[in-house]
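Only one structure is covered here, and it is reproduced in the block below.
Residue numbers (the numbering used here): 56 to 326.
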């Protein structure tokens with residue numbers, strides 16, 4: 056399937072199958088991928104925009120922060136050592152820093168600076184190797200899809216986690232109803248920033264191995280609405296808010312029976 060970068064450049068990319076069933080890859084991968092993040096509207100790095108997209112994101116974010124925090128609390132203990140990998144401007148590390156010994160890794164200098172200013176107790180780093188091998192949890196909230204060399208980073212995570220430590224990973228699900236409905240307009244493809252695209256089947260292939268055990272899968276309910284509204288906006292529908300909300304509701308309703316929510320949280324234990 057051909058997909059345009061509807062967010063920024065309007066360039067076309069292809070979704071190609073990978074050797075792992077249920078996982079697609081964006082091709083070609085640009086050699087200058089950094090330029091595709093260079094926008095004041097890119098919400099993971101820039102939190103002060105007054106654009107509709109940013110306001111919509113922030114509205115959903117406050118609900119999601121508490122939901123993510125509760126997911127983390129259910130899987131670990133107070134004062135556990137937690138790394139938020141790809142922490143962006145630091146919203147989540149700020150939200151949990153009073154309950155956990157918190158670290159945030161962020162490669163983007165601007166976002167890292169914002170996270171450092173925002174937090175008071177969390178340690179914001181630009182090199183995961185600066186941490187010892189004693190982490191209880193590593194979280195990746197819509198980050199894994201941005202990482203090209205996934206085999207290497209998963210080995211690093213395995214090394215940095217304690218025995219029975221956990222990965223908590225949230226990624227969009229291209230097998231969801233809203234993905235199938237919007238097809239090439241589905242906002243969560245977000246090529247080329249999203250280098251990989253996952254289904255539940257694909258994640259099960261990666262994380263049921265001799266090194267990892269997939270323990271639990273949870274939905275991110277608001278993502279269906281947020282992604283559907285953006286998808287309608289990309290389609291230039293003047294009623295994007297109404298139509299997107301409607302499709303998001305249908306997607307969640309169908310997923311309540313199939314488990315194929317727009318985005319899913321995977322809780323994975325190190326063996």
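Using N, Cα and C, we set each Cβ at its ideal position, and we do this for glycine too. Just so you know, these numbers come straight off a predicted model, no measurement behind them.
Query: Quick check on this structure: which residue in 61, 213, 93, 270 has the alpha carbon closest to the alpha carbon of residue 187?; Result: 213
Query: Start and end of the alpha helix (DSSP H) containing residue 222?; Result: Note, residue 222: premise wrong, no alpha helix (DSSP H); beta strand (DSSP E) at 216-227.
Query: Can you grab the Cα-Cα spacing for the pair residue 245 / residue 61, in whole Å?; Result: 7 angstroms
Query: In the DSSP assignment, find the alpha helix (DSSP H) that holds residue 257 and state where it starts and stops.; Result: 255-262
Query: Figure out for me which residue from 239, 222, 293 has the closest Cα to the Cα of residue 126.; Result: 222
Query: Less than 7 angstroms between the CB of residue 161 and some heavy atom of the ligand HEM, yes or no?; Result: As for the ligand HEM, it is missing from this structure, which has no ligand bound.
Query: May I ask which residues mark the beginning and end of the beta strand (DSSP E) holding residue 132?; Result: Element bounds for residue 132: n/a, residue is neither H nor E.
Query: What are the residues that DSSP puts in a beta bridge with residue 71?; Result: 80
Query: In three-state DSSP terms, what is residue 287?; Result: helix
Query: For the candidate residues 297, 157, 146, 273, whose alpha-carbon lies nearest to that of residue 313?; Result: 273
Query: According to DSSP, which residues form a beta bridge with residue 299?; Result: For residue 299, which the question treats as bridged, DSSP gives no partner whatsoever.
Query: Spatial neighbours of residue 118 within its chain, please: C-beta separation below 8 angstroms, excluding the five flanking residues on both sides.; Result: 277
Query: Run the CB neighbour count on residue 286, radius 10 Å, all protein chains shown included, and call it buried at 16 or more, exposed below.; Result: buried
Query: If you draw a straight line from the alpha carbon of residue 310 to that of residue 234, how long is it in whole angstroms?; Result: 12 angstroms
Query: Note down, in chain order, each residue of its chain lying with its Cβ closer than 7 angstroms to the Cβ of residue 289, except the 5 sequence neighbours on either side.; Result: 61, 240, 242
Query: Out of 162, 133, 120, state which residue places its alpha-carbon closest to the alpha-carbon of residue 331.; Result: Given a span of 56 to 326 for the chain in the structure shown, any question on residue 331 remains unanswerable.
Query: Can you tell me whether residue 123 is buried or exposed, with buried defined as 16 or more other CB within 10 angstroms of its CB?; Result: buried
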